[in-house]
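Okay, so here's the structure we're looking at.
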Amino acid sequence: FINIFLLLLSGCNQDDRVKGDPDSPGYVATRYFYAIYNNKDLEKAADLAAPQLSRIMYSYGSPSQFARTLLNLQYDEVVIEEDRTNVSVRQQYDEEAKVNLVFTGYFNGEKVDDFRSVRMVRKKGKWQVSEIIADPYAR
10 FINIFLLLLS
20 GCNQDDRVKG
30 DPDSPGYVAT
40 RYFYAIYNNK
50 DLEKAADLAA
60 PQLSRIMYSY
70 GSPSQFARTL
80 LNLQYDEVVI
90 EEDRTNVSVR
100 QQYDEEAKVN
110 LVFTGYFNGE
120 KVDDFRSVRM
130 VRKKGKWQVS
140 EIIADPYAR
């Protein structure tokens, strides 16, 4: 019984926590940040990013360095949800979209809530994160 449980548990993937339509920009944006923060996998995140952003990401060397320096967000573990308050049904059929994400997690034992917007582009039928929009309220 324990072996079966461990086998099932090892088959679980962090991406399984991301729910939604895999063809939507919000789903891809959420998977991008899950790859950075929960999977700590720069390559997986870069696969979901536009080429220019991927090059920038790789220049930082690690997901934690990229998150700390460029995103100014650090988490040990985080839950990421799409803020769908201003989502248009049409955006799924456009070639560009802006996605707002809410981050709730912990860093060094302290709760950290934050919000980020990303610009998405559709290339060859697949959504990619093209830009992380600067936080207008950051210092």
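So in the working numbering the end of the sequence shown lands on 148, straight run, no missing numbers. Heads up, the beta-carbon is just placed ideally off N, CA and C, and yes, glycines get one too. Because the structure is a prediction, the values reported are computed rather than measured.
In terms of DSSP beta bridges, what is residue i paired with?
i	result
A54	Answer by DSSP bridge pairing: none, since A54 is not bridged.
L62	According to DSSP, L62 bridges with nothing at all.
F112	I89 and D123
V130	E105 and Q137
Of the residues the options, which one's Cα is nearest the Cα of residue i?
i	options	result
N118	A143, V87 and E105	One point to set straight first is that residue 118 is Gly, not Asn, in the sequence displayed. Looking at the Cα atoms, V87 is the closest of the given residues.
K107	F124, D85, A55 and V130	V130
L110	G35, S71, V27 and P31	G35
S71	A58, E52, E140 and L62	E52
D32	A143, I141 and K132	K132
K135	Y84, D103, Y67 and R93	D103
F75	R93, I45, Q61 and R125	I45
V27	Q83, D50 and E90	E90
K49	D30, V37, Y84 and A59	Y84
I want to check one thing, is the minimum distance from the CB of residue i to the heavy atoms of the ligand MG below 7 Å?
i	result
Y41	In the structure on display, the ligand MG does not appear, and there are no ligands present to speak of.
Going by other Cβ atoms of all chains shown within 10 Å of its Cβ, with 16 needed for buried, is residue i buried or exposed?
i	result
Q137	buried
F42	buried
N95	exposed
I141	buried
E105	exposed
A143	exposed
T39	buried
R93	exposed
R125	buried
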